[in-house]
Ligand code: SF4
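In the numbering used here, the protein residues as written are 45 to 203.
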């Protein structure tokens, strides 16, 4: 069996809202590959972390001390996102869980209206697609939201 795929905890929500736009072509490619792999195999294990993950490795905003999206100290904000998601899911950093079980837990414990408190200043938040996707997952009770939506616009600062 493959080792659990490291995944920033808040990235589980980002993957729900990802519609093919991102910070660079390389980032979009990796994000799309991870999204496709997880949706194709709900039994795939992920290990939830509160630090940069392999998707971050492909992001042009990753610096030596982590995420620099909003400046040199932005990694602290990203970790706060991760820890808030983990708190709401009642899971500890480092937990390994199947993607399907994680989706079910998100569906049970997080709703779209929670995202402003979790995601704070993320430039993608105003688009509303992540909120819509979380609520769609809740509607399906985590069970059949295995076909992520495609399309949608990118925020101007996120190319
Ligand atoms: S609003 Fe930003 S941080 Fe929140 S789920 Fe969407 S992309 Fe991720």
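For glycine and all other residues, C-beta sits at the position ideal for the given N, C-alpha and C.
Residue 63 to residue 83 span [Cα, whole Å]: If I take the Cα positions, the gap works out to 13 angstroms.
Cα-Cα separation between residue 145 and residue 113, rounded to whole angstroms: Rounded to the nearest angstrom, the two C-alpha atoms are 30 angstroms apart.
Terminal residues of the beta strand (DSSP E) in which residue 121 lies: For residue 121, no beta strand (DSSP E) run applies; the uninterrupted alpha helix (DSSP H) run containing it begins and ends at 119 to 133, by DSSP.
The beta strand (DSSP E) enclosing residue 51, as first and last residue numbers: Annotation for residue 51: the continuous beta strand (DSSP E) segment containing it runs 49 to 52.
heavy atom of the ligand SF4 below 8 angstroms from residue 168 C-beta: Under cutoff, so the answer is yes.
Inter-residue CB distance, residue 127 and residue 155 (contact presumed, cutoff 8 angstroms): About 19 angstroms; that fails the 8 angstroms criterion.
CB contact flag (residue 143, residue 86, <9 angstroms): Yes; because the gap between Cβ atoms is below 9 angstroms, this pair is in contact.
DSSP beta-bridge partners of residue 89: Residue pairing for residue 89: DSSP places it in a beta bridge opposite 142.
7 angstroms CB neighbourhood of residue 48 in its chain, flanking five on each side removed: Same-chain partners within the cutoff: 89, 90, 91 and 140.
Close beta carbons around residue 110, own chain, < 6 angstroms, minus the five adjacent residues each side: Setting aside the 5 residues that flank it on each side, residue 110 is surrounded in the same chain by 96 and 119, each with a C-beta closer than 6 angstroms to its C-beta; the list follows chain order.
Alpha-carbon to alpha-carbon, residue 148 and residue 67: Roughly 28 angstroms between the two C-alpha positions.
Straight-line gap, residue 178 to residue 61 (C-alpha atoms, nearest Å): Each residue's alpha carbon lies about 8 angstroms from the other.
Residue nearest to residue 103 in terms of C-alpha spacing, selected from 72, 115, 138 and 130: Distances from the CA of residue 103 to each of 72, 115, 138 and 130 were compared; the closest alpha carbon is that of 72.
Burial state of residue 53 (16 or more Cβ within 10 Å): It is buried - the Cβ of residue 53 has at least 16 other Cβ atoms within 10 Å.
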